[in-house]
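Student:
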Amino acid sequence: MRAIITGQIGMDKKPYLDAVARLAGEQGEACEVYHVGDIMYKEGPDVRPGRILDLPISRLNSLRRAAFKDVITDSKDKKNIIVNTHATFRWRHGLFSAFDYDQIAALKPDLFICLVDNIEVVHDRLHRDHEIDATLKDCMVWREEEILATELMSKAIPGSQFFILSRGRHQMTTKTAFRLICRPQMKRVYPSFPMSHVVDMPDVLAEIDAFRAELANHFITFDPGDVDEKLLLERAIAAAREGIDVLDVTPHNYGGSKSADAKPIKVRVREVLDIAGDVDGQIYMRDFKLIDQSDMIVSLVPELPGASGKDIPGLSSGVERELQHAWEHTKEVYVVWKPKKHPSPFITETATRVFKSTGEALEYFEKNGYFGEKNLFGH
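Start counting the sequence shown at -13; every next residue gets the next number (the working numbering).
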């Protein structure tokens, strides 16, 4: 597969995509990565490191076209390639595109993938690497623009596919990127599970994490938990009530380059509150898009302790809405129902199949040939 992978500045795409290429090599697949930004600097040796976006638009466009021309020529006969670039830039020039349709068409891409990550981490990386004053709101808007522009690029190339992929859990999502490019025949799955209202339930969280890991072992998974700013927003609301102005946030450290991922970062409470509407709106949009780009949804409904001492189904409104959306869009819908109480008709009548455990579901998937290639990553 020939993939163009975009993402706003602050994604740290270069080490991530190099890790995807290394993983491909370990699996016997040649996969060349072209970092368009690096090639542009080679085309303009007079440009100081980190300052290329400060060039006049005409010079910037000229360097980009020269870089893409090199990529098109060099990659002509290569089966698997990754082109690391951007769809848009939001910089001192304002908002402007980072591609030309004629060159994108000449490259003949099969896939367009837009990488996303938690916005506070993107914001921190952005300011670590560049002299720019951008708020969390700016980064949220830029992310939406990058997703939309990448999707529009894909729509202009007949036969190509568009995916949103969370960078999040580095070791797991590099596997997802590799599979999208080199194992496209594998089933694509959206894991669905309760999130915000189980954060203080360690046993339930462990059960959910095991469920997510098992699905990721056997499928291409688009996990909604890989990007989750809702917890950040809830922390900010609680901090504001206590008169706290700055939060210390420790992002998940799943490997990759030495970056903000590896240490706590400081986030202004006021800036988080300013993006409250964006957080909810983008979760709603993004999760539905992740379902749309999947073949099937597999939902875990755990059993939770109730206020009256009786256990209750851990069926959140978000999970219910995801199941309904998947069913209405003719996806295969599978539910792992753990509670003793029987599921309602709103679950059973809109599910392809209901299982009692993750193991039972995996046994069914294996028996029906859903796992695809055997012995991949030892599974």
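Glycine included, every Cβ here is placed at the ideal spot set by N, Cα and C.
For clarity, every value in this text was computed on a predicted model and none was experimentally measured.
May I have the straight-line CA-CA distance separating Gly50 from Gly23, to the nearest angstrom?
Tutor: Rather than Gly, the amino acid found at residue 50 in this sequence is Arg. Those two C-alpha atoms are separated by around 8 Å.
Student: For a quick check, are the C-beta atoms of Asn70 and Cys168 less than 7 Å apart?
Tutor: no
Student: Which one of Pro325, Val265, Ile143 has the shortest CA to CA distance from Leu290?
Tutor: For Leu290, the nearest C-alpha among the options comes from Pro325.
Student: Between Lys28, Asp195, Glu314, Asp264, which has its C-alpha nearest Phe54's C-alpha?
Tutor: In terms of Cα proximity to Phe54, the closest of Lys28, Asp195, Glu314, Asp264 is Lys28.
Student: Hey, would you say Gln279 sits closer than 7 Å to Trp128, going by beta carbons?
Tutor: Taking 7 Å as the Cβ cut-off, Gln279 and Trp128 do not qualify as a contacting pair.
Student: How many Å lie between Arg367 and Val19 at the Cα?
Tutor: A query on residue 367 cannot be resolved here, the shown segment of the chain reaching from -13 to 365 and no further.
Student: Taking the runs of the beta strand (DSSP E) that are 3 residues or longer, which of them lie wholly in the segment 146 to 225?
Tutor: 147 to 152, 174 to 178
Student: Taking the DSSP output, what are the residues bridged to Leu286?
Tutor: Val322
Student: To the nearest angstrom, report how far apart Asp186 and Leu9 are at their CA atoms.
Tutor: 35 Å
Student: Give the single residue among Asp214, Arg339, Glu228, Thr338 whose Cα lies nearest to the Cα of Val108.
Tutor: Asp214
Student: The alpha helix (DSSP H) with Gly300 in it runs from where to where?
Tutor: No alpha helix (DSSP H) contains Gly300, which DSSP labels as neither H nor E.
Student: Tell me which same chain residues have a C-beta within less than 8 Å of the C-beta of Val6, skipping the five on either side of it?
Tutor: Cys17, Val19, Ile68, Thr160, Ala163, Phe164, Ile167
Student: Below 8 Å on the Cβ atoms is my guess for Ser152 versus Asp86; work out the distance and round it to an integer in Å.
Tutor: The pair is not a contact, with the Cβ atoms about 28 Å apart (cut-off 8 Å).
Student: Between the C-alpha atoms of Asp88 and Leu134, what's the straight-line distance to the nearest angstrom?
Tutor: Going from the Cα of Asp88 to the Cα of Leu134 covers about 19 Å.
Student: Mark Ile370 as exposed unless 16 or more other C-beta atoms lie within 10 angstroms of its C-beta, in which case mark it buried.
Tutor: Within the shown structure, residues of the chain are numbered from -13 to 365, placing residue 370 beyond reach of any answer.
Student: How long is the line joining the alpha carbons of Glu386 and Leu309, rounded to whole angstroms?
Tutor: What the structure shows of the chain is the stretch from -13 to 365, and residue 386 is not part of that stretch, so it cannot be assessed.
Student: Could you round the C-beta distance between Val175 and Phe205 to whole angstroms and report it? I think they count as a contact, below 8 Å.
Tutor: So it is a contact: roughly 4 Å between Cβ atoms.
Student: Keeping to the same chain, check which residues put their C-beta closer than 6 Å to that of Met158; ignore five residues upstream and five downstream.
Tutor: Sequence-distant Cβ neighbours of Met158 in its own chain, meaning closer than 6 Å and more than five residues away, are Ala202.
Student: Whose C-alpha, out of Phe351, Ser61, Ile298, Pro299, is nearest the C-alpha of Glu318?
Tutor: When only C-alpha atoms are compared, the closest one is Phe351.
Student: Looking at Ala222: is its Cβ nearer than 7 Å to the Cβ of Val258?
Tutor: yes
Student: Here's the rule: buried if 16 or more other CB atoms are within 10 angstroms of the residue's CB, otherwise exposed. What is Thr316?
Tutor: exposed
Student: Starting from Ser48, trace the beta strand (DSSP E) both ways and give me its first and last residue.
Tutor: Premise fails: Ser48 lies in the alpha helix (DSSP H), 43 to 60, not in any beta strand (DSSP E).
Student: Taking just the CA atoms, how far does Gly154 sit from Gly242?
Tutor: The predicted position of Gly242 is uncertain, since its pLDDT is 34 and thus under 50; a value taken from the coordinates is nonetheless stated next. If I take the Cα positions, the gap works out to 11 Å.
Student: Could you check which residue in Ser178, Leu3, Ser48, Pro250 has the C-alpha nearest to that of Tyr320?
Tutor: Ser178
Student: How long is the line joining the alpha carbons of Gly145 and Gln171, rounded to whole angstroms?
Tutor: 16 Å
Student: Using DSSP bridges, identify the partner residues of His21.
Tutor: Asn70
Student: Thinking C-alpha only, which one of Ile38, Lys123, Trp313, Lys64 is nearest Ala84?
Tutor: Ile38
Student: Thinking C-alpha only, which one of Asp281, Thr121, Glu220 is nearest Arg76?
Tutor: Of the listed residues, the one whose Cα sits closest to Arg76 is Thr121.
Student: Apart from the five residues on each side of it in sequence, which residues of its chain come closer than 8 Å, Cβ to Cβ, to Phe341?
Tutor: Tyr320, Val321, Val322, Trp323, Ala347, Tyr350
Student: Apart from the five residues on each side of it in sequence, which residues of its chain come closer than 6 Å, Cβ to Cβ, to Ser140?
Tutor: Phe98, Ser146, Phe148
Student: Would Tyr2 be called buried (16 or more neighbouring beta carbons within 10 Å of its own) or exposed?
Tutor: By the beta-carbon neighbour count (other beta carbons within 10 angstroms, threshold 16), Tyr2 is buried.
Student: Return the CA-CA distance between Ala91 and Leu301, expressed in angstroms with no decimal places.
Tutor: 45 Å
Student: Please tell me whether Leu233 and Ala226 are closer than 7 Å, where the distance is taken between their beta carbons.
Tutor: no
Student: Using the C-alpha atoms, what's the distance from Lys123 back to Val33?
Tutor: 30 Å
Student: Alpha carbons only, please: which of Asp(-2), Asn47, Ile(-9), Val57 is nearest the one belonging to His72?
Tutor: Ile(-9)
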